[in-house]
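J.: Please read through the structure below; I'll follow up with questions.
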DNA sequence: GTCTATATGGAGATAGAC
DNA sequence: GTCTATCTCCATATAGAC
């Protein structure tokens with residue numbers, strides 16, 4: 001059966017495949033490795049996913065669907081465009097901190113998707129981009145930018161990049177890194193950095 | 001012989017491997033495919049590279065070495081930090097437009113490097129990051145940023161991202177995209193967008 | 001330096017017992 | 001739903017003729 005969605009084993013396959021794909025890449029991970037991690041034999045995987053490709057597609061569409069849904073319930077739609085932009089940047093960074101494996105796969109494994117699956121994933125990815133672009137367009141005149149489509153891609157690339165280097169336990173806390181990225185994102189479209197409450201330390205400074 | 005550096009065949013292997021690795025990924029490309037693209041049999045590859053891994057290492061260290069060397073002859077070291085930052089952003093974008101395959105491999109195939117090769121590549125990558133960080137630190141007080149190491153990574157991620165979507169022949173020319181990215185990079189660290197000569201069109205505007 | 005031929009291993013996927 | 005066993009194919013890499 002392809003994708004028996006409810007079962008515990010299917011969830012375990014998703015989890016272990018996600019971990020392995022993120023660590024070493026889809027093409028480099030074998031079905032036997034996934035099965036070993038789950039604790040079954042390779043043949044057993046095929047009770048849940050018809051092909052290895054189906055696992056990848058399931059992970060990517062599932063992740064991007066969750067990302068979109070999570071933003072749509074976070075977006076302060078009745079607030080100012082400036083506030084919505086800040087909320088978007090904060091949401092994007094936090095989501096990426098919380099689900100680094102899913103995020104990594106979503107942008108590293110696009111080329112391993114078969115054409116039909118790639119098209120489906122692209123729709124979701126473009127929808128997410130569209131959410132940010134809509135904020136830029138809703139705030140026309142409030143931002144300083146040359147092109148909303150390019151600014152969208154540039155900003156998402158910048159924010160997503162945090163996953164490639166940040167590891168907990170380093171010099172900076174997650175909250176500190178988040179603040180820095182939000183301020184860079186805001187400044188990149190002409191907004192001032194966020195100001196902090198007077199009793200806090202470590203606000204924006206000139207170096 | 002591992003890596004007969006001067007031969008025409010070795011150069012052709014590098015070129016075809018780079019194209020194939022960029023398009024479909026190191027793990028998904030076979031030595032037979034590379035050989036076919038070069039016009040020899042698979043066994044003949046081993047006269048030039050001892051292993052498939054050696055081809056990848058050669059491509060990545062070669063690219064990063066070129067990137068560093070090219071920047072070091074471009075850097076206007078005696079100019080202001082602001083001018084050097086703008087020069088860096090422009091250089092980075094142009095280099096990435098000109099060598100998209102090499103760039104793509106350099107940041108997508110890190111996890112397919114064996115530990116020793118990964119370490120060597122990381123040294124080069126960190127050196128390049130260090131060039132930008134040094135500009136931020138040389139211009140202390142002129143930029144508005146919270147942390148030079150984080151700003152370096154965020155800015156490079158933003159600039160590099162252009163390779164993931166830009167295709168010639170679209171709505172915007174390379175020069176237009178370059179200008180937009182440079183302005184976003186400048187604003188992200190507190191600098192004003194570049195002003196254009198009065199007779200030119202399409203300068204920074206508010207949308 | 002390239003060829004043909006091959007060694008050796010592992011890949012994705014399937015069949016059928018339980 | 002998982003198992004064992006296996007099919008078929010292709011991977012990296014090597015040996016030795018030319």
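Chains as they are written, first to last, in full-length UniProt numbering: chain X, 1 to 207; chain H, 1 to 207. Just so you know, even glycine gets a beta-carbon here, dropped at the ideal spot from N, CA and C.
Using the rule of at least 16 other Cβ atoms within 10 Å of the residue's Cβ for burial, across every protein chain shown, is residue 217 of chain H buried or exposed?
T.: Examination of residue 217 of chain H is not possible in this model, given that chain H is present from 1 through 207 alone.
J.: Please compile the residues from chain H whose C-beta is within a distance smaller than 7 Å of the C-beta of residue 117 of chain X.
T.: The contacting residues do not exist; residue 117 of chain X stays about 15 Å from chain H at best.
J.: Kindly say whether residue 60 of chain X, judged by its beta-carbon, lies nearer than 8 Å to any beta-carbon of chain H.
T.: Not an interface residue.
J.: List, in chain order, every chain H residue whose beta-carbon is nearer than 8 Å to that of residue 128 of chain X.
T.: Within chain H, no residue comes near residue 128 of chain X; the closest Cβ sits about 14 Å away, beyond 8 Å.
J.: When Cβ atoms are compared, which residues of the region 151 to 163 of chain X fall closer than 9 Å to chain H?
T.: Flagged, chain order: 151, 153, 154, 155, 156, 157, 158, 159, 160, 161 and 162.
J.: Using only the alpha-carbon positions, how far apart do residue 119 of chain X and residue 77 of chain H sit?
T.: Rounded to the nearest angstrom, the two C-alpha atoms are 46 Å apart.
J.: Please list the partners that residue 27 of chain H has in chain X, where partner means a Cβ-to-Cβ separation under 7 Å.
T.: What residue 27 of chain H touches in chain X: 25, 27 and 28.
J.: Measuring only the C-alpha atoms, how far is residue 102 of chain X from residue 96 of chain X?
T.: Each residue's Cα considered, the two are about 8 Å apart.
J.: Within the chosen definition, does the region 153 to 163 of chain H reach the region 156 to 165 of chain X through at least 3 CB pairs nearer than 8 Å?
T.: With the cut-off at 8 Å, the region 153 to 163 of chain H and the region 156 to 165 of chain X touch.
J.: Just the C-alpha distance for residue 201 of chain H and residue 195 of chain H, rounded to the nearest angstrom, thanks.
T.: Residue confidence for residue 201 of chain H is low, a pLDDT of 48 falling below 50, so the modelled location carries little weight and cannot support an answer.
J.: Is the shortest distance between the beta-carbon of residue 190 of chain H and the beta-carbons of chain X less than 8 Å?
T.: Cβ-Cβ to chain X under 8 Å: yes for residue 190 of chain H.
J.: Please confirm whether residue 126 of chain X and residue 59 of chain X have their CB atoms less than 8 Å apart.
T.: Taking 8 Å as the Cβ cut-off, residue 126 of chain X and residue 59 of chain X do not qualify as a contacting pair.
J.: Starting from residue 56 of chain H, trace the alpha helix (DSSP H) both ways and give me its first and last residue.
T.: Here the alpha helix (DSSP H) through residue 56 of chain H covers 52 to 74.
J.: By Cβ distance, which residues of its chain are closer than 8 Å to residue 184 of chain H, with the 5 residues on each side in sequence left out?
T.: The residues are 158.
J.: So with CB distances below 9 Å, who are the chain X contacts of residue 177 of chain H?
T.: Here the neighbours are 147 and 150.
J.: Quick one: is residue 111 of chain H near chain X, going by C-beta distance under 8 Å?
T.: For residue 111 of chain H, the answer is yes, since a Cβ of chain X falls inside 8 Å of its Cβ.
J.: Taking the continuous alpha helix (DSSP H) assigned at residue 128 of chain H, which residues delimit it?
T.: Unbroken alpha helix (DSSP H) run through residue 128 of chain H: 115 to 138.
J.: Of all the CB atoms in chain X, is at least one closer than 8 Å to the CB of residue 31 of chain H?
T.: Not closer than 8 Å to any Cβ of chain X, the Cβ of residue 31 of chain H fails to qualify, so no.
J.: Give the residues of chain X in contact with residue 180 of chain H, contact being defined as C-beta atoms less than 9 Å apart.
T.: Simply 145, 146, 147, 150, 151 and 154.
J.: In terms of residues, what are the limits of the alpha helix (DSSP H) holding residue 146 of chain H?
T.: Taken as a continuous stretch (DSSP letters only), residue 146 of chain H belongs to no alpha helix (DSSP H), as it is neither H nor E.
J.: Is the CB-CB distance between residue 150 of chain X and residue 61 of chain X below 8 Å?
T.: Contact flag unset, no.
J.: CB residue 117 of chain H to CB residue 28 of chain X, shorter than 8 Å?
T.: No. Outside cutoff.
J.: Name, please, each residue of chain X whose Cβ falls closer than 8 Å to the Cβ of residue 131 of chain H.
T.: Within chain X, no residue comes near residue 131 of chain H; the closest Cβ sits about 17 Å away, beyond 8 Å.
J.: Three-state secondary structure (DSSP) at residue 100 of chain H?
T.: Here residue 100 of chain H sits in helix by DSSP.
J.: Compute the Euclidean distance between the alpha carbons of residue 133 of chain H and residue 70 of chain H, then round it to the nearest angstrom.
T.: Looking at the two C-alpha atoms, the distance is approximately 17 Å.
J.: Can you tell me whether residue 11 of chain X is buried or exposed? The criterion is at least 16 other CB atoms within 10 Å of its CB, across all chains shown.
T.: Result: exposed.
J.: Output, in chain order, the set of chain H residues within a Cβ distance shorter than 8 Å of residue 71 of chain X.
T.: Under the 8 Å cutoff, chain H gives no residues; its nearest Cβ is about 19 Å from residue 71 of chain X.
J.: 8 Å is my cut-off, CB to CB: does residue 90 of chain H come that close to chain X?
T.: Chain X, which has no Cβ nearer than 8 Å to the Cβ of residue 90 of chain H, makes this no.
J.: Take residue 177 of chain X as the anchor and find which of X/92, X/65 and X/21 has the nearest alpha-carbon.
T.: It is X/92.
J.: Looking at the unbroken alpha helix (DSSP H) that takes in residue 8 of chain H, where does it start and where does it end?
T.: Its alpha helix (DSSP H) spans residues 8 to 24.
J.: What is the DSSP secondary structure of residue 41 of chain X, counted as helix, strand or coil?
T.: Note: residue 41 of chain X maps to coil in three-state DSSP.
J.: Classify residue 185 of chain X as helix, strand or coil using the three-state DSSP reduction.
T.: The answer is helix: DSSP assigns residue 185 of chain X an H, G or I state.
J.: Secondary structure at residue 109 of chain H, three-state DSSP: helix, strand or coil?
T.: Residue state, collapsed to three classes: coil.
J.: Would you kindly work out how many angstroms separate the C-alpha atoms of residue 109 of chain H and residue 25 of chain H, rounded to a whole number?
T.: The straight-line gap from Cα to Cα measures roughly 7 Å.
J.: Let me know the secondary structure DSSP gives residue 200 of chain X once reduced to three states.
T.: Its pLDDT being 48, under 50, residue 200 of chain X is placed unreliably by the model, and nothing is read from it.
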